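Asks: Protein chains in written order, with the working numbering: chain W, 1 to 500; chain S, 501 to 1000.
Glycine residues also receive a C-beta, built at the ideal position from the N, C-alpha and C atoms.
Since this is a predicted model, take the numbers as computed values, not measurements.
There are 2 protein chains.
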Amino acid sequence: MASSLISRQFALSLQKNLRLSAPGCRYVSKAAPKTQVEFDYDGPSMKTSVPGPRSEELTKQLGHIQNVGAINFFCNYEESRGNYLVDVDGNRMLDIYTQISSIPIGYNHPDLLKLMSNPNNLSTFVNRPALGILPPENFPEKLTESLVSVAPSGMTRVQTMACGSCSNENAYKAMFIWYRNKERGHNTPSEEDLSSCIINQSPGCPELSILSFMGGFHGRTMGCLATTHSKAIHKLDVPSFDWPIAPFPRLEYPLEEFTRENAHEEARCLEEVEDLIVKWRQKGKPVAGVVIEPIQAEGGDNHASSDFFRGLRDVARKHGSAFHVDEVQTGGGTTGKMWAHEHWGMEDPADIVSFSKKLLTGGYYHKDEFQADEPYRIFNTWMGDPSKNLILSEVLNVIRRENLLEEVTRSGKALMNGLFELQAQYPGMLSRARGVGTFCAIDIRDDETRNRILITARDKGILLGGCGDRSIRFRPALVFKEYHVHLFLNIFNDVLAQLK
Amino acid sequence: MASSLISRQFALSLQKNLRLSAPGCRYVSKAAPKTQVEFDYDGPSMKTSVPGPRSEELTKQLGHIQNVGAINFFCNYEESRGNYLVDVDGNRMLDIYTQISSIPIGYNHPDLLKLMSNPNNLSTFVNRPALGILPPENFPEKLTESLVSVAPSGMTRVQTMACGSCSNENAYKAMFIWYRNKERGHNTPSEEDLSSCIINQSPGCPELSILSFMGGFHGRTMGCLATTHSKAIHKLDVPSFDWPIAPFPRLEYPLEEFTRENAHEEARCLEEVEDLIVKWRQKGKPVAGVVIEPIQAEGGDNHASSDFFRGLRDVARKHGSAFHVDEVQTGGGTTGKMWAHEHWGMEDPADIVSFSKKLLTGGYYHKDEFQADEPYRIFNTWMGDPSKNLILSEVLNVIRRENLLEEVTRSGKALMNGLFELQAQYPGMLSRARGVGTFCAIDIRDDETRNRILITARDKGILLGGCGDRSIRFRPALVFKEYHVHLFLNIFNDVLAQLK
């Protein structure tokens, strides 16, 4: 640990562009100018191993109430700042996982604290309305300032929900309702529809399906789970639906060396999608909608080309299936654009776009025709939470004011360059560096090494997350600047040197 | 409207116990002492018809973004106090629906505003953690102070979730996992289990079922929806599971006149439950769990006796099915006890109890054996919201400090007495007055009259909700005192007199 601290100090003192990368020499990234994140700390600071004694004690306490098998450590959120998460043992870590990618502009952003201390906003936090029937006066305004102001192309309508799973569940329902309304020729439902649905039978509860992709993750409630195929532990023992599952392209890296192979792989997947749609229609379970992540996150940061997504959009349209882009993890600016699908450059990218995490509230955008024809079809008690819209509205102001999407693009380039260099330096250890903006990942030679890297990095003050079988995913907040990239790369290099 | 105002003034000026109920004379309820709710208003005050012009304008604005078919009106939550909801046109209504039963201690309770203005709490609102991996330091303490302090008998463990549907979805998953672990003899899952579940197939995704009741409501995500059978509009066009649905007892009122018939009806339903469990086992879709509300709320405030629930608990146990009591609407004190199932007087009432609404956070309590054997099986990004636990903790303090459960019992008796009297006075109009605590309902002669009553009452400053085909449900906050009961009864009497 001492050596890594020295290396870090050294890196910080280096002039811009100075680079030491001679063979055999320790990789030291160029030092970027000091962060503009004023409410940030200077760097990691580790006092104990992690989890430290206080975390261990609290984990034991919580163990009397809940399963604590997934607890990493307990946090001191009051002391956390910007890109740094502070734990209850006084350890300060550069956070590149950000609560499973759900902290948009870092911890305790001063503008959010200011918002919270405005007495005019208190009522929003203590009086949670049933938004679908009795919204607050400022609801249309706050929606317009927040979610509507960043609506994807072609979509002017948005429905909020409390979390990512509820967002996708309701988006699926919207697609089923839309599909059946088409089938009925927009006539009113029959008596048989109404009486059969109450007892879970068709035609009222029709045999419709959603096509999803192997490796996809769309949540853990039972409708969502039927479209999630990333890890067995998510799905084991839960009844599911017989819905079609298509292969997601498995690209070979580096992309520029495998252009032909990858195009072929994507064409194969699209063909398979079309075959499955036809097959499920023949089975009497037509595909009402196709759901896909722009980058499969939980499943291992699997990318596909814009051509693939454009092709998929066309296949869905051709067969009368809705096209749902799940941006729960990719949305909110982390790819350098507000929505990852913007990178496809399409005017009509989707029928439905769902979100959560960095957007602080769940929900989904949709084209006009996906609004349910009657009230109470897409409905629940809370329908989201206006206190989250309030905070989101300020988060979006900060993103605009501080040009954070440009910053993400800049930091993302620096991060990818660093990963490429490290990959060249540790070819047996690292492969498949990939990313858009700071939404980046790299593969480690095996699961065990990956997990050792995660723990060793944490001990050196860098918090990272895994995904897929053997990938590390980078999910910093939007205030992760070039400065932080280089800080990270230096420590990461130490970790790799130690474990190679 | 003028006459009702006079009558209200008159009622308020009456001495306690003064009663005018001679035939033909207007019913005027006794005036209770002035409320102890200091932050309350004196009574309703109506300025415009509802929705007023400002609400209409905002509804039009919101209509560009969302379906507004269910919007009643827009609210001024800042000006709302205690039992009174104020709308954007300055109308002040006595709220006996409380955001679909989700406001525990009235609007803008001073203790909650005080909590919010404490700067030490700000961080909880701006830094939402991924609770399952990185909880805040005070998480075990806040859980202990809040949810654990009111845990149902036999349950020491609780899992928070963001909303009611997610709570039930995850409770169902916990029951499925528990059931399959029993079937496997608690051995590790087979390779076949793991590989088949990824593609939605058995044995990994087994053909298990949840038994639910006709008229029940358990949420609107796809797992929940397969157990919801209250209204067609909730279920139409959404694919479902072939799970067994038992009849819920349809009691005849007044209960004391139909003792034998009702006991027979409950025995018939229990028998049917047992038959269905056997039948679904034979179909290869064993019943992993039975889910029921202590009072079917959305489905029409349908009650059953404690004997019925004790019998049902036994049937579930006998057949090795888990027993899940859904207290999303009944929980939180509104029946005069924290949980409606406490009225059954059982030491081992359930395996799982789910909650949301008045508890401000969703979640479920469970017996030890229902804790998933591995982490990440019951998991999602947020796993609830500590800012809601913080507010809940103070809500429970207020309930204790102000003896609100006793108050609810007292107000509930007054409300039931009033409903019985009105029912006697308007026999062609009202029937089946029923309730526990202030969780009360009454049937109206038909759907159309019910809806006219709801609207007329609203115009006179009383906000009520419907349920079932032709019931009105009363869902006041826990600060609804005898004073408010009488205020309500007088206005309700005016409404009935006007519409009879």
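For the beta strand (DSSP E) containing residue 354 (chain W), list its first residue and its last residue.
Replies: 352–355 is the span of the beta strand (DSSP E), which, as asked, contains residue 354 (chain W).
Asks: What's the gap between the Cα of residue 425 (chain W) and the Cα of residue 442 (chain W)?
Replies: Cα atoms of residue 425 (chain W) and residue 442 (chain W): separation of roughly 14 Å, rounded to the nearest angstrom.
Asks: At a Cβ threshold of 8 Å, is residue 86 (chain W) touching chain S?
Replies: no
Asks: In terms of residues, what are the limits of the beta strand (DSSP E) holding residue 822 (chain S)?
Replies: Boundaries of the beta strand (DSSP E) harbouring residue 822 (chain S): 822–826, taken from the DSSP string.
Asks: Among W:333, W:367, W:211, which has the Cα closest to the Cα of residue 274 (chain W)?
Replies: W:211
Asks: Are the CB atoms of residue 221 (chain W) and residue 669 (chain S) within a distance shorter than 8 Å?
Replies: yes
Asks: Would you verify that the beta carbon of residue 379 (chain W) is, or is not, closer than 8 Å to some beta carbon of chain S?
Replies: yes
Asks: Tell me the rounded alpha-carbon separation between residue 195 (chain W) and residue 739 (chain S).
Replies: The alpha-carbon of residue 195 (chain W) is positioned some 14 Å away from that of residue 739 (chain S).
Asks: For residue 80 (chain W), go through chain S and note every residue whose CB falls closer than 7 Å to its CB, in chain order.
Replies: 627
Asks: When you compare the CB positions of residue 597 (chain S) and residue 935 (chain S), do they come within less than 8 Å of one another, or not?
Replies: no
Asks: If you reduce the DSSP assignment to three classes, tell me which class residue 804 (chain S) lands in.
Replies: Coil at residue 804 (chain S), not helix or strand.
Asks: Give the residues of chain S in contact with residue 61 (chain W), contact being defined as C-beta atoms less than 7 Å apart.
Replies: 640
Asks: Any beta carbon from chain S within less than 8 Å of residue 559 (chain W)'s own beta carbon?
Replies: With chain W represented from 1 up to 500, any question about residue 559 (chain W) goes unanswered, as that position is not in the structure.
Asks: Going along chain S, which residues have a C-beta under 9 Å from residue 302 (chain W)?
Replies: Chain S residues near residue 302 (chain W): none, gap ~15 Å exceeds 9 Å.
Asks: Excluding the 5 residues preceding and the 5 following residue 702 (chain S) in the sequence, name in chain order all residues of the same chain whose CB lies nearer than 7 Å to its CB.
Replies: 696
Asks: Is the CB of residue 494 (chain W) under 8 Å away from at least one CB in chain S?
Replies: no
Asks: Give the interface partners of residue 156 (chain W) over in chain S, defined as CB-CB distance under 9 Å, in chain order.
Replies: 564, 565
Asks: Determine the extent of the alpha helix (DSSP H) in which residue 477 (chain S) is found, giving its start and end residues.
Replies: In the structure displayed, chain S extends from 501 to 1000; residue 477 (chain S) sits before or after that span and is not available.
Asks: State the start and end residues of the unbroken beta strand (DSSP E) segment that holds residue 160 (chain W).
Replies: Where residue 160 (chain W) is concerned, the enclosing beta strand (DSSP E) stretches over 157–161.
Asks: Give the DSSP bridge partners of residue 431 (chain W), in chain order.
Replies: Note: residue 431 (chain W) sits in a beta bridge opposite W:443.
Asks: Compute the Euclidean distance between the alpha carbons of residue 248 (chain W) and residue 974 (chain S), then round it to the nearest angstrom.
Replies: C-alpha separation (whole angstroms): 52 Å.
Asks: So who's on the other strand from residue 965 (chain S), going by DSSP bridges?
Replies: Beta-bridge pairing links residue 965 (chain S) to S:973.
Asks: Do residue 278 (chain W) and residue 637 (chain S) come within 8 Å of each other at the CB atom, strictly closer than that value?
Replies: no
Asks: Tell me whether residue 764 (chain S) is buried or exposed, calling it buried when 16 or more other Cβ atoms sit within 10 Å of its Cβ.
Replies: exposed
Asks: I believe residue 870 (chain S) touches residue 851 (chain S) by the beta-carbon criterion, under 8 Å. Please report the beta-carbon distance rounded to the nearest angstrom.
Replies: 6 Å
Asks: Taking residue 207 (chain W) as the query, report the chain S residues whose CB atoms sit under 8 Å from its CB, ordered along the chain.
Replies: 739
Asks: Starting from the C-beta of residue 343 (chain W), find all residues in its chain whose C-beta is less than 7 Å away, skip the five residues before and the five after it, and write them out in chain order.
Replies: Answer for residue 343 (chain W): 306, 335, 337, 436, listed in chain order.
Asks: Are the C-beta of residue 344 (chain W) and some C-beta of chain S separated by less than 8 Å?
Replies: Output row for residue 344 (chain W): interface = no.
Asks: Going along chain W, which residues have a C-beta under 7 Å from residue 648 (chain S)?
Replies: 65
Asks: Quick test of your reading: residue 674 (chain S) and residue 872 (chain S), contact by CB under 8 Å. State the CB separation rounded to the nearest angstrom.
Replies: 6 Å
Asks: Identify the continuous alpha helix (DSSP H) that holds residue 997 (chain S) and give its terminal residues.
Replies: 982–999
Asks: Got a sec: which bits of the region 687–718 of chain S sit with their beta carbon under 7 Å from any beta carbon on chain W, in order along the chain?
Replies: 689, 693, 694, 697, 698, 699, 700, 704, 705, 706, 707, 708
Asks: Identify every run of the beta strand (DSSP E) within the region 177–264 of chain W, keeping only runs that are complete inside it and at least 3 residues long; order them along the chain.
Replies: 209–213
Asks: Nearest chain S C-beta to residue 117 (chain W) closer than 8 Å, yes or no?
Replies: yes
Asks: Could you tell me which chain S residues have their CB closer than 9 Å to the CB of residue 163 (chain W), listed as they occur along the chain?
Replies: 661, 662, 663, 666, 880, 881, 882
Asks: Which bits of chain S does residue 132 (chain W) rub up against, with CB to CB less than 7 Å?
Replies: 570
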